[in-house]
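Here the sequence shown is numbered in the UniProt record's numbering, starting from 1 and rising by one per residue. A quick write-up on the structure given underneath.
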Amino acid sequence: MPMRLYRFHCTDGHELVTDLGGCRLPNTAQMRIQAERVALALMERVVERFDWSRWQVEVYDARGRRIWIRAFPDVDVDARAA
Numbered sequence: 001m002p003m004r005l006y007r008f009h010c011t012d013g014h015e016l017v018t019d020l021g022g023c024r025l026p027n028t029a030q031m032r033i034q035a036e037r038v039a040l041a042l043m044e045r046v047v048e049r050f051d052w053s054r055w056q057v058e059v060y061d062a063r064g065r066r067i068w069i070r071a072f073p074d075v076d077v078d079a080r081a082a
């Protein structure tokens with residue numbers, strides 16, 4: 001099964017957290033799970049109170065095309081256990 005490279009960048013339109021290395025995953029279902037994990041990890045690293053309402057994960061393919069977006073407020077907090 002071919003593994004595709006995805007990069008998971010997080011932004012609020014002003015600030016940007018880039019994923020320089022990316023992650024190789026077998027399908028879009030795994031890509032969406034990883035996007036939620038990236039958002040959760042970033043939210044957990046910032047210990048102070050922070051407004052995540054405008055943040056989103058933007059997923060890019062190996063060619064640099066944006067292929068999926070997930071808003072932080074829509075992230076399933078139960079994904080931590082997945």
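Ideal Cβ positions, reconstructed from N, Cα and C, are used throughout, including at glycine.
Nearest-angstrom Cα separation, counted from L40 out to Y6 = As a first step, residue 6 is located in the sequence shown; it is residue number 6 there, counting from the start. As a first step, residue 40 is located in the sequence shown; it is residue number 40 there, counting from the start. When rounded, the distance between both Cα atoms is 17 Å.
CB-CB under 6 Å to D61, same chain, minus the five flanking residues each way: which ones, in chain order?
-> Counting from 1 along the sequence shown, the entry for residue 61 is found at position 61. Cβ within range, chain order: I67.
Alpha carbon to alpha carbon, what distance is there between D51 and F72?
-> By 1-based counting over the sequence shown, the position of residue 72 is 72. By 1-based counting over the sequence shown, the position of residue 51 is 51. One C-alpha to the other measures close to 10 Å.
Other residues of its chain near V17: CB distance less than 8 Å, five sequence neighbours each side excluded | Locating residue 17 in the sequence shown gives position 17, counting from the first residue. Correct list, in chain order: H9, C10, T11, L42.
Which class does D61 belong to by DSSP, given the choice of helix, strand or coil?
-> To locate residue 61, count along the sequence shown from 1; it is residue 61. DSSP places D61 within a strand segment (E or B) once states are collapsed to three.
If you draw a straight line from the C-alpha of T28 to the C-alpha of L20, how long is it?
-> The sequence position of residue 28 within the sequence shown is 28, counting from 1. The sequence position of residue 20 within the sequence shown is 20, counting from 1. Put simply, the backbone Cα of T28 is about 19 Å away from that of L20.
Would you tell me roughly how many angstroms separate the C-alpha atoms of A82 and L25, rounded to the nearest one?
-> Position 82 of the sequence shown, counted from the first residue, corresponds to residue 82. Position 25 of the sequence shown, counted from the first residue, corresponds to residue 25. Only weak support is given to the placement of A82: the predicted model assigns it a pLDDT of 47, under 50, and the question is left unresolved by the model.
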